[in-house]
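Asker: Taken in order, these protein sequences are the chains called A and B. The numbers in the working numbering rise by one with no breaks, and the one at position 100 of the first sequence is 131. The numbers in the working numbering rise by one with no breaks, and the one at position 112 of the second sequence is 143. For each residue, glycine too, the CB sits at the ideal point set by N, CA and C. Every value quoted in this text rests on a predicted model; they were computed, and no experiment measured them. So that we are looking at the same thing, I have put the structure below in structure tokens.
Protein chains: 2
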Amino acid sequence: MPVTEAAVAPLIRIGEVARGAGVSVRAVRYYEQQGLLAAERSPSGQRLYAHEAVERVRFFQQMYAAGLTSRNIAELLPCIESGHTDAEQRAMLRAERERIQAKVDDLQAALDRLDHVIEVTDTHP
Amino acid sequence: MPVTEAAVAPLIRIGEVARGAGVSVRAVRYYEQQGLLAAERSPSGQRLYAHEAVERVRFFQQMYAAGLTSRNIAELLPCIESGHTDAEQRAMLRAERERIQAKVDDLQAALDRLDHVIEVTDTHP
DNA sequence: CTAAGACCTGACGTTGACGTCAGAGGCAAG
DNA sequence: CTTGCCTCTGACGTCAACGTCAGGTCTTAG
């Protein structure tokens, strides 16, 4: 086994990140602008990402879908990466959790109402 | 029992509707503009609403929270009021239902991820 | 070498549900 | 009558997460 070079994880360009995560190239640039996703640069200035960037962007999408803002996501990223938190961060995490839970409850209530409408209108065509 | 006049349900003004439903006066006007909520007018031009308007506005809020647009709500209002639907409307109702259900699932997934983060960071302070 | 894509940096446009401000009436109390 | 609060009609502002366009550079298949 040669001791020469560890297999350098091949970096990917922005288009591949975007396609992999199912978002636009513009969106990926936007995430960088919001401080969510840093990129190396090639000598010519093109952004280069590790493969994990794809999963990371998917995570962003999931959080956006949950109603978090870029700022919220930026705040909770250090918690995830460092694995430890101070009191303020824990409070923030719990607050976001409560917000989402409340939203789930709201949606469930809306769903119930819609189901009621559907039931009524289906049995009275 | 006098046969004179049925107790006229007292109409309320826009401010009371807004306070009752927990939204702004501007929002109530906006709903009218979107064709969601009609109002009588006093001789001087002020909007007058029945009490049920409050509940109706709450319903709007619930639907907005579920991610429906004003247009969506406007489309499903006739279904609710008439109590019957054509095929297209039923399809629309089901589609919205699916959208909301998908959103609930997304939120639940986000919640699970957040819970995981919270758990890890709580046990590693 | 060359043409087609992919990528770059600005920078303005979009969408939805309102917020906000201006200017002008209404309306009950004192 | 006037003070104070509510309401009216426009009409422009906001905010977030991008879309889109312009004009130029890079990379890669052939």
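In the DSSP assignment, find the beta strand (DSSP E) that holds L79(A) and state where it starts and stops.
Answerer: As a working note, residue 79(A) is residue 48 in the first sequence. Run containing L79(A): R78 to Y80, per the beta strand (DSSP E) assignment.
Asker: Going along the chain, which residues of its own chain have a beta-carbon closer than 6 Å to the beta-carbon of E36(A), five neighbours each way excluded?
Answerer: Along the first sequence, one-based indexing puts residue 36(A) at 5. Summary for E36(A): the model assigns pLDDT 49, below 50, so the residue's position carries little reliability; its value from the coordinates is reported in the next sentence. Contacts found: none.
Asker: Any chance you could list the beta strand (DSSP E) runs of at least 3 consecutive residues sitting entirely within the segment 58 to 121 of chain A, in chain order?
Answerer: Complete beta strand (DSSP E) runs here, min 3: 78 to 80.
Asker: How long is the line joining the alpha carbons of Y95(B) and D153(B), rounded to whole angstroms?
Answerer: To locate residue 95(B), count along the second sequence from 1; it is residue 64. To locate residue 153(B), count along the second sequence from 1; it is residue 122. So the alpha carbons of these two residues sit roughly 35 Å apart.
Asker: I'd like the span of the alpha helix (DSSP H) that includes V48(B), first residue to last.
Answerer: Indexing the second sequence from 1 puts residue 48(B) at position 17. Start and end: I45 to A52.
Asker: Hey, how far is the Cα of R78(B) from the Cα of R125(A)?
Answerer: Against the second sequence, residue 78(B) aligns to sequence position 47. Against the first sequence, residue 125(A) aligns to sequence position 94. Approximately 43 Å between the Cα atoms of the pair.
Asker: Along the segment 47 to 58 of chain A, what residues have a CB closer than 8 Å to any CB found in chain B?
Answerer: Here the close residues number zero.
Asker: Give the DSSP-derived three-state secondary structure of R42(A) in the structure shown.
Answerer: The count along the first sequence starts at 1 and reaches residue 42(A) at position 11. In the sequence on display, residue 42(A) carries Leu and not Arg. L42(A): coil per DSSP, three-state reduction.
Asker: Compare the Cα-Cα distances from R89(A) to each of A58(A), E127(A) and L142(A) and report the closest residue.
Answerer: Position 58 of the first sequence holds residue 89(A). For the residues A58(A), E127(A) and L142(A), the minimum Cα distance to R89(A) belongs to A58(A).
Asker: Using a Cβ-Cβ cut-off of 8 Å, state whether T152(A) counts as contacting chain B.
Answerer: Numbered from its first residue, the first sequence carries residue 152(A) at position 121. It does; some Cβ of chain B falls within 8 Å.
Asker: So, at 7 Å on beta carbons, what are the nonlocal neighbours of K3(A) in its own chain, with the 5 sequence-adjacent residues on each side left out?
Answerer: Because chain A spans 32 through 156 in this model, residue 3(A) falls outside it and cannot be assessed.
Asker: Taking Cβ-Cβ distances shorter than 8 Å, what residues in chain B pair up with V85(A)?
Answerer: Here residue 85(A) is taken as the residue at index 54 of the first sequence, counted from 1. Neighbours of V85(A) on chain B: none; closest Cβ ~16 Å, over 8 Å.
Asker: Shortest alpha-carbon distance to E86(B) belongs to which of D146(B), V48(B), P41(B) and R44(B)?
Answerer: In the second sequence, the residue the question calls residue 86(B) occupies position 55. Of the listed residues, the one whose Cα sits closest to E86(B) is V48(B).
Asker: Look up H155(B) in the DSSP assignment and say whether it is helix, strand or coil.
Answerer: Taking the first residue of the second sequence as 1, we reach residue 155(B) at position 124. Residue state, collapsed to three classes: coil.
Asker: Can you give the Cα-Cα distance for A118(B) and C110(B), rounded to whole angstroms?
Answerer: As a position in the second sequence, residue 118(B) is number 87, starting the count at 1. As a position in the second sequence, residue 110(B) is number 79, starting the count at 1. Rounded to the nearest angstrom, the two C-alpha atoms are 11 Å apart.
Asker: 8 Å is my cut-off, CB to CB: does D143(A) come that close to chain B?
Answerer: Position 112 of the first sequence, counting from 1, holds the residue named residue 143(A). For D143(A), the answer is no, since every Cβ of chain B falls outside 8 Å of its Cβ.
Asker: Could you tell me whether any Cβ in chain B is nearer than 8 Å to the Cβ of T116(A)?
Answerer: Along the first sequence, one-based indexing puts residue 116(A) at 85. It does: the Cβ of T116(A) has a partner Cβ on chain B nearer than 8 Å.
Asker: Applying a beta-carbon distance threshold of less than 8 Å, which residues of chain A neighbour R125(B)?
Answerer: On the second sequence, residue 125(B) is found 94 positions in, with the first residue counted as 1. Those are I149, listed as they occur along chain A.
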